[in-house]
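The structure appears below as structure tokens.
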Amino acid sequence: KLSKRLETVAKFVPTGAVVADIGSDHAYLPCYLIHQGVASSAIAGEVVAGPYESAVGQVQKEGLHHEITVRLADGLAAIELTDHVDTVTIAGMGGPLIVSILEKHPEKLQGVTRLILQPNIHAKVIREWALAHNWAILDEEILEEDDKIYEILVLQRAQMELSTAEILFGPKLSTRKAPAFVKKWTREKENWQRVLLSIKDAEQTPEIEEKRAELLALIQLVEGV
Ligand code: SAM
């Protein structure tokens with residue numbers, strides 16, 4: 005059974021999509037998408053030999069080798085323009101790694117109309133990347149599984165404007181304020197307050213002052229939402 009996290013990613017894949025799942029590991033997501041009749045075909049990309057072999061094995065085992073092509077490649081290099089991929093999923097990595105994958109081979113995104121990204125941490129850098137590259141947030145989701153909180157960002161090509169707070173919290177997530185959202189930012193705020201307390205009696209260097217101001221600003225932002 006697919007994790008709730010990947011099931012939520014799958015929920016945002018349009019019916020009939022041609023999907024590239026980058027960093028696919030066991031290729032569980034593309035297999036699920038084909039079995040559910042959501043994707044019409046898929047590429048599973050992996051850069052590491054072990055997970056690549058797992059993906060190949062899983063696709064064989066499920067008898068999906070006609071629908072899913074597994075490629076050993078770095079990031080978007082797994083996509084060939086003749087694949088006509090329209091949807092890219094990248095899940096289970098940190099935000100900065102996801103952004104570096106998107107930036108390395110931008111030409112591979114030519115025919116892509118939807119990105120479904122699931123950063124384990126630092127979703128903020130993905131929103132910054134989206135803003136700078138004319139992708140807009142179509143939807144967002146936050147969920148808790150095994151005591152971890154995950155965010156999912158669904159992007160389409162359009163212009164958007166985001167405030168500083170929206171870049172950090174997500175424009176949709178901060179409006180909806182789901183329980184997982186409240187939990188995540190309450191935790192973060194407590195962490196910042198702890199750090200603030202730990203530097204309370206520290207020497208008054210410009211670095212410490214800067215850190216203090218930064219933490220206070222973050223705490224204020226959280227309190228604002
Ligand atoms: N996407 C799956 C999921 O969400 O469950 C697997 C996540 S796993 C933690 C991350 C995978 O991304 C690993 O298998 C790793 O080898 C792969 N990966 C990391 N950097 C990559 C890159 N530049 N290109 C392709 N795959 C990459």
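In UniProt numbering, each residue's number is its place in the sequence shown (first place is 1) plus 4. No residue lacks a Cβ here, since even glycine has one placed at the ideal position from N, Cα and C. All of these numbers come straight from a predicted model, not from anything done at the bench.
When you measure from the CB of residue i to every non-hydrogen atom of the ligand SAM, does any distance come out below 6 angstroms?
i: Ile-156; result: no
i: Pro-34; result: no
i: Met-97; result: yes
i: Asp-78; result: yes
i: Glu-50; result: yes
i: Gly-61; result: no
i: Ile-105; result: yes
i: residue 234; result: Any answer about residue 234 is impossible in this case: the structure gives the chain only from 5 up to 229.
i: Asp-29; result: yes
Alpha carbon to alpha carbon, what distance is there between residue j and residue i?
i: Leu-147; j: Leu-80; result: 26 angstroms
i: Gln-114; j: Val-17; result: 18 angstroms
i: Ser-45; j: Thr-179; result: 35 angstroms
i: Arg-198; j: Lys-108; result: 37 angstroms
i: Thr-209; j: Val-226; result: 26 angstroms
i: Gly-98; j: Ser-167; result: 22 angstroms
i: Gly-67; j: Leu-201; result: 57 angstroms
i: Glu-111; j: Ile-105; result: 12 angstroms
i: Trp-133; j: Asp-150; result: 29 angstroms
i: Ile-38; j: Gly-61; result: 16 angstroms
i: residue 292; j: Gly-20; result: No answer is possible for residue 292: the residues shown for the chain start at 5 and end at 229.
i: Arg-191; j: Glu-213; result: 23 angstroms
i: Arg-216; j: Val-116; result: 42 angstroms
I believe residue i touches residue j by the beta-carbon criterion, under 8 angstroms. Please report the beta-carbon distance rounded to the nearest angstrom.
i: His-30; j: Ala-59; result: 6 angstroms
i: Ile-130; j: Val-89; result: 19 angstroms between Cβ atoms; not a contact.
By alpha-carbon positions, which one of the options ends up nearest to residue i?
i: Gln-160; options: Leu-225, His-137, Ala-206; result: His-137
i: Trp-189; options: Gly-174, Pro-55, Glu-57, Val-116; result: Gly-174
i: Leu-142; options: Val-13, Lys-152, Leu-157, Met-97; result: Leu-157
i: Thr-12; options: Thr-91, Val-63, Glu-155, Asn-195; result: Glu-155
i: Leu-219; options: Lys-176, Val-226, Glu-211, Trp-196; result: Trp-196
i: Ala-24; options: Lys-65, Ile-171, Glu-71, Arg-9; result: Glu-71
i: Gln-224; options: Ile-203, Glu-194, Leu-119, Ala-184; result: Glu-194
Ignore the nearest five residues each way along the sequence and tell me which others in residue i's own chain have a CB closer than 8 angstroms to its CB.
i: Ser-28; result: Pro-34, Ala-48, Gly-49, Glu-50, Pro-55, Ala-59, Val-74
i: Leu-6; result: Ala-14, Tyr-32, Leu-33, Tyr-36
i: Val-229; result: Ala-169, Phe-173, Ser-178, Lys-181, Trp-189
i: Lys-128; result: Gly-99, Ile-171, Leu-172
Apart from the five residues on each side of it in sequence, which residues of its chain come closer than 6 angstroms, Cβ to Cβ, to residue i?
i: Leu-121; result: Ile-94, Ile-102, Ile-130, Leu-157
i: Ala-162; result: Ala-140
Residues in the same chain with beta-carbon distance under 7 angstroms from residue i, minus the five sequence neighbours each way, listed in chain order, please.
i: His-69; result: Val-63
i: Ile-153; result: Ile-146, Ala-184, Lys-187, Lys-188
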